[in-house]
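Protein chains in written order, with this note's numbering: chain S, 1 to 242; chain U, 1001 to 1214; chain C, 2001 to 2049.
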Amino acid sequence: MSIWEYANPKRFMQTSAVILPWVTVAALVALVVGLTWGFFFTPNADKFGSTVKIIYLHVPSAMMAISAWMMMLVASLIWLIRRHHVSALSAKAAAPVGLTFTMIGLVTGAIWGEPMWGTWWAWDPRLTSFLILTLFYFGYIALWEAIEDRDTAADLTSVLCIVGSVFAFLSRYAVLFWNQGLHQGSSLSVDKANHVSDVYWFPLLVCITGFVLLFVTLVLLRTRTEIRIRRIAALMARERME
Amino acid sequence: MIALLIRDLRLALRTGGGFGLGLAFFLMVAVIVPLGVGPAPATLALIAAGVLWVGALLSSLLSLDRIFALDFEDGSLDLLATAPLPMEGVVMIKALAHWITSGLPLVAVSPILALLLNLNPAAYPWLMLSLAIGTPALSIIGAFGASLTVGVKRGGLLLSLLVLPLFIPTLIFGAEVVKRGGEAVPLAALAAITLGSWALLPWAAAAAIRINLR
Amino acid sequence: MLDLGKYAGAVIGSYAASLALIAVLVCLSLWRNARTKRTLQTLEARVKK
Chain S
1 MSIWEYANPK
11 RFMQTSAVIL
21 PWVTVAALVA
31 LVVGLTWGFF
41 FTPNADKFGS
51 TVKIIYLHVP
61 SAMMAISAWM
71 MMLVASLIWL
81 IRRHHVSALS
91 AKAAAPVGLT
101 FTMIGLVTGA
111 IWGEPMWGTW
121 WAWDPRLTSF
131 LILTLFYFGY
141 IALWEAIEDR
151 DTAADLTSVL
161 CIVGSVFAFL
171 SRYAVLFWNQ
181 GLHQGSSLSV
191 DKANHVSDVY
201 WFPLLVCITG
211 FVLLFVTLVL
221 LRTRTEIRIR
231 RIAALMARER
241 ME
Chain U
1001 MIALLIRDLR
1011 LALRTGGGFG
1021 LGLAFFLMVA
1031 VIVPLGVGPA
1041 PATLALIAAG
1051 VLWVGALLSS
1061 LLSLDRIFAL
1071 DFEDGSLDLL
1081 ATAPLPMEGV
1091 VMIKALAHWI
1101 TSGLPLVAVS
1111 PILALLLNLN
1121 PAAYPWLMLS
1131 LAIGTPALSI
1141 IGAFGASLTV
1151 GVKRGGLLLS
1161 LLVLPLFIPT
1171 LIFGAEVVKR
1181 GGEAVPLAAL
1191 AAITLGSWAL
1201 LPWAAAAAIR
1211 INLR
Chain C
2001 MLDLGKYAGA
2011 VIGSYAASLA
2021 LIAVLVCLSL
2031 WRNARTKRTL
2041 QTLEARVKK
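This is how it looks when you write it as structure tokens:
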């Protein structure tokens, strides 16, 4: 099995049709188990009270928000280098999913921040970086929507994704620098590794798996939609020719 | 190359709004902000560096869509693409012309506006230096954004959406230089961003233009 | 029943908000998928004739 085989949309459609139901079920099971376990069957933490349960949404979605952009970057490179059509479409399909995860990360963070830090929003480096990531997602999606010719759109968004990755990375470091300058010594961000004990770790792991599988499911589904849209456009063009 | 630069500069001057519009906008920002924030000198001094940098960002954004759009519409961009000058060179020249018409005047008038915003006098040289180092990065990043949206009709709004996030590192380091009175780290970072952008983005922008002309 | 203490609002709120966002995304994806599938089927049937 190699990814080059699936540059052929037909092969991709066949294989993904077989895989999709399994991934969907696996994602559902992992999410239901992980979130139920986390919500009902974990103790409250000393410092956080019951808000610790938010971690099962906050951490996986934040991880996936970044991973989704990475996946888009890889997919864009594959498209630019080898003209792998399905790859370009999968990058397009992943963007709204990544954006949603970013928003979940921000919203749960805000709701968590209000009781813990006494504020919905602070210009903490991590929060700011996430807000900037949201802007990059918006720009990427807007560029896809704006360009009519599909191959041109795939090319230009890929270029944007690559350049955007570099600048997103730069922004991350710029923001770290900028924030240290403002509040020296007062770090708001919670060092998660120090707090998490096994009781929280295992359900968290299940939730992370669930979010990964959810991402795969949605990207497969949305890529299939994009391929169909292409096919519709091609058929309609052919009809007009006749 | 020089002929192209002169042509672009002349076009910017004749169509109006080359030097004038960007500058007027910059001035406008410096006047509007105290009206909104209140006249307390201490508050203004605190935010002056940031306001001037944001103003520089927005005013360089104003003229970005003209970098390639007019040439794309009348076909001269196709001519330039077939000319012996590589597209990377065209991009650099056009970004340079954009900087001369929008960035350079800002550097020149920034002390006057800093006076309006009650910036600490010790920070004046750093303001000018940071703008002089940083605004070229804005021009080349903007040229990249413009090359992406050149084929889009009424792409102005889209262009700002794409370009503003890319401006963030420049903005942060630029404003930090002024606030910290020229510490070495932000200054070096700002210079690195400018040099890096000028070295790498022309390739990306040229690729995007070729794709758009296809 | 589960005791969420004084932070019940925050916990339930964040679960509700997240699940709502995911639900919107899933519904939109499914809806668009179904719609394009239908269009494609009618189109392919017409082309084959």
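Positions of the beta carbon are idealized from the N, C-alpha and C atoms, including for glycine.
Keep in mind it's a predicted model, so treat the numbers as computed, not measured.
Of the residues the options, which one's Cα is nearest the Cα of residue i?
i: R1010/U; options: I1032/U, A1143/U and I1100/U; result: I1100/U
i: G2030/C; options: L220/S, R238/S and M236/S; result: According to the sequence as given, residue 2030/C is Leu; it is not Gly. Comparing Cα positions, the closest option is L220/S.
i: V1181/U; options: Y1124/U, A1081/U and L1115/U; result: For the sequence presented, residue 1181/U should be read as Gly rather than Val. Comparing Cα-Cα distances from G1181/U to each of Y1124/U, A1081/U and L1115/U, the minimum goes to Y1124/U.
i: Y200/S; options: K53/S, F136/S, P125/S and F130/S; result: K53/S
i: P96/S; options: V212/S, R231/S and A65/S; result: A65/S
i: L135/S; options: E114/S, T157/S and T102/S; result: T102/S
i: I1002/U; options: I1093/U, D1065/U, G1050/U and L1062/U; result: I1093/U
i: L1157/U; options: G139/S, R150/S, S171/S and L170/S; result: G139/S
i: F1068/U; options: P1169/U, G1145/U and I1172/U; result: G1145/U
i: M70/S; options: S90/S, H58/S and G113/S; result: S90/S
Taking Cβ-Cβ distances shorter than 9 Å, what residues in chain U pair up with residue i?
i: S50/S; result: What S50/S touches in chain U: nothing, since even the nearest Cβ is about 36 Å away.
Roughly how many angstroms separate the alpha carbons of residue i and residue j, rounded to a whole number?
i: T100/S; j: A62/S; result: 10 Å
i: A1045/U; j: V1033/U; result: 12 Å
i: D155/S; j: I141/S; result: 13 Å
i: Q2041/C; j: V23/S; result: 25 Å
i: T2039/C; j: A17/S; result: 18 Å
i: Y2007/C; j: G49/S; result: 7 Å
i: G164/S; j: L1166/U; result: 7 Å
i: W1053/U; j: A1175/U; result: 6 Å
i: S1139/U; j: N1118/U; result: 27 Å
i: G1075/U; j: A1040/U; result: 52 Å
i: S129/S; j: V175/S; result: 7 Å
i: C312/S; j: L143/S; result: Because chain S here runs from 1 to 242, residue 312/S falls outside it and cannot be looked at.
i: V32/S; j: A2034/C; result: 25 Å
i: V1090/U; j: L1162/U; result: 21 Å
i: G2013/C; j: T51/S; result: 11 Å
i: P43/S; j: T36/S; result: 13 Å
i: D1008/U; j: M1087/U; result: 15 Å
i: A1199/U; j: S1147/U; result: 16 Å
i: A122/S; j: S2018/C; result: 20 Å
Run down chain S in chain order and give the residues with a C-beta less than 9 Å from the C-beta of residue i.
i: A1045/U; result: Chain S residues near A1045/U: none, gap ~16 Å exceeds 9 Å.
Please list, in chain order, the chain C residues whose beta carbon lies closer than 8 Å to that of residue i.
i: S112/S; result: The sequence shown places Trp at residue 112/S, not Ser. Those are A2010 and S2014, listed as they occur along chain C.
i: S61/S; result: S2018
i: K92/S; result: Simply none; closest approach about 12 Å.
i: P203/S; result: Those within 8 Å of P203/S in chain C number zero; the least Cβ separation is about 14 Å.
Measuring only between beta-carbons, confirm whether residue i sits less than 8 Å from chain U.
i: I66/S; result: no
i: A193/S; result: Low confidence applies here, because A193/S scores a pLDDT of 47, under 50, leaving its location unreliable; read the following figure in that light. Chain U, which has no Cβ nearer than 8 Å to the Cβ of A193/S, makes this no.
i: V175/S; result: yes
Could you list which residues in chain S have their beta carbon closer than 8 Å to that of residue i, in chain order?
i: R1214/U; result: T152
i: A2045/C; result: Result: empty, since nearest Cβ-Cβ is about 11 Å, beyond 8 Å.
i: A2017/C; result: I104, V107, T108 and I111
i: I1002/U; result: Going along chain S, no residue has its Cβ under 8 Å from I1002/U, so there is no contact; the nearest lies around 28 Å.
Would you call the CB atoms of residue i and residue j closer than 8 Å?
i: S1110/U; j: L1127/U; result: yes
i: G210/S; j: A7/S; result: no
i: I132/S; j: A168/S; result: yes
i: G1036/U; j: S1060/U; result: no
i: S158/S; j: L80/S; result: yes
i: L170/S; j: P1169/U; result: yes
i: G1055/U; j: F1026/U; result: yes
i: G1142/U; j: H1098/U; result: yes
i: I1133/U; j: T1043/U; result: no
i: I1047/U; j: W178/S; result: no
Which chain U residues sit within Cβ distance under 8 Å of residue i?
i: V163/S; result: F1144, L1166, L1201 and A1204
i: A146/S; result: T1149, V1152, G1155 and L1158
Against residue i, what residues of chain S qualify as contacts under a CB-to-CB distance less than 7 Å, listed in chain order?
i: A1207/U; result: V159
Determine, using beta carbons only, whether residue i comes closer than 8 Å to chain S.
i: I1067/U; result: no
i: L1195/U; result: no
i: K2048/C; result: no
i: F1072/U; result: no
i: I1032/U; result: no
i: F1173/U; result: yes
i: E1088/U; result: no
Does at least one heavy atom of the ligand NAD sit under 7 Å from the Cβ of residue i?
i: P1084/U; result: This structure lacks the ligand NAD, and indeed carries no ligand of any kind.
When the cut-off is 8 Å and only beta carbons count, does residue i lie next to chain C?
i: P125/S; result: no
i: F39/S; result: yes
i: V190/S; result: Any reading at V190/S is ruled out, since the residue's pLDDT is 47, under 50, leaving its predicted position unreliable.
i: L57/S; result: yes
i: R83/S; result: no
i: L133/S; result: no
i: A122/S; result: no
i: V97/S; result: yes
Given that residue i touches chain C, what residues does it touch there, using C-beta distances under 9 Å?
i: K10/S; result: What K10/S touches in chain C: nothing, since even the nearest Cβ is about 13 Å away.
Hey, is residue i's beta-carbon within less than 8 Å of any beta-carbon in chain D?
i: S76/S; result: The chain labelled as chain D is not found among the protein chains of the depicted structure, namely S, U and C.
Would you mind telling me which residues of chain U sit closer than 7 Å to residue i, beta carbon to beta carbon, in chain order?
i: S87/S; result: Within 7 Å Cβ-Cβ: nothing; S87/S doesn't reach chain U, min ~17 Å.
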